[in-house]
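A short write-up of the structure that comes next.
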Amino acid sequence: MLKKLLWTAALALCVSTSHAGESHYATTPPDIVVAMLDSVDVTAADIVVDLGCGDLRIPIIAAIRYGCSAVGIERDPIIAAVARANIERNNIGHLVSVQQADVLRMRWTPARKVVTVYLDGELLRKLRPVLERLPPGSRIVSHQHRIPGWQQAKPIEIHGHRLYRYRVERATRKVKVCGPQGCTYKNVAYVAVRGY
Ligand SMILES: C[S@@+](CC[C@H](N)C(=O)[O-])C[C@H]1O[C@@H](n2cnc3c(N)ncnc32)[C@H](O)[C@@H]1O
């Protein structure tokens, strides 16, 4: 309960800070954050990464709700500072961190991830090759915008908010290989991203 109150206070600070800056930015309402995380079955073994984390609400809610580690990536230095303050306000620095960086320069560790995004379609298009390098078993949930070019399932709709979910999977396909002895088929492994 105490954590919840502190978190609410943290959000109030974030919203006022972002409105005072030059650019307005939208945030995901807390009930939609919970729906996003629940929809991709986050567990304590996952690492949640919010690309373009704003005030860090998604990583903070993930860590409090599931006990998982969570990271936010934020390009704007002022918003990143607010996110850092929210870690302290919630006393959750043992689970949550923030990096001030451009999401298009992300490098992944081999551990499977849950990646959350609430970014515009053009940035998502550029981000797609970065997301395609995620380790198999990772899930991606996008608030409001589909990720261009990926196989799409029906989105989850919650009072006007759309959630698009994707899974990174190992897959194989047969490839015809021809040489002097004739042609054979070989199984070639690759990583596929599928909507679900
Ligand atoms: C719509 S807000 C979403 C905030 C938060 N994820 C949420 O759902 O409430 C998008 C955030 O992404 C940040 N952002 C935009 N482009 C970025 C980039 N290339 N790298 C890192 N952050 C970026 C913006 O500064 C903003 O804070």
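With the numbering used here applied, the sequence shown covers 57 to 252.
The beta carbon of each residue, even a glycine, is placed where N, CA and C say it ideally should be.
Quick caveat, the model's predicted, so the values are computed rather than measured.
Per DSSP, residue i is paired with what?
i       : result
Asp-106 : Gly-128 and Thr-172
Tyr-252 : In the DSSP output, where bridge partners are listed per residue, Tyr-252 has none listed.
Ala-245 : Thr-228
Given the structure, does residue i come close to ligand 1, in the sense that its CB is under 6 Å from one of the ligand's heavy atoms?
i       : result
Arg-131 : yes
Asp-106 : yes
Ala-82  : yes
Tyr-174 : yes
Asp-94  : no
Asp-158 : yes
Cys-124 : no
Ile-103 : no
Hey, quick one: how far does the beta strand (DSSP E) through residue i stretch, first residue to last?
i       : result
Leu-219 : 217-235
Arg-195 : 195-199
Classify residue i as helix, strand or coil using the three-state DSSP reduction.
i       : result
Val-138 : helix
Ser-153 : strand
Gly-205 : coil
Gly-238 : strand
Glu-213 : strand
Val-186 : helix
Met-162 : coil
Asp-97  : coil
Gly-77  : The pLDDT assigned to Gly-77 is 40, lower than 50, so where the model puts this residue is not dependable, and the model offers no usable value.
What residue does the alpha helix (DSSP H) around residue i start on, and which one ends it?
i       : result
Ala-118 : 113-122
Ile-148 : No alpha helix (DSSP H) holds Ile-148; DSSP gives it neither H nor E.
For the stretch 203-222 against the stretch 179-188, are there 3 or more C-beta pairs whose distance is under 8 Å? yes
The stretch 135-151 contacting the stretch 218-227, beta-carbon criterion three pairs below 8 Å: no
Per the contact definition of three or more C-beta pairs closer than 8 Å, is the stretch 162-169 in contact with the stretch 85-92? no
So, does the stretch 111-118 touch the stretch 231-243, judging by three or more C-beta pairs under 8 Å? no
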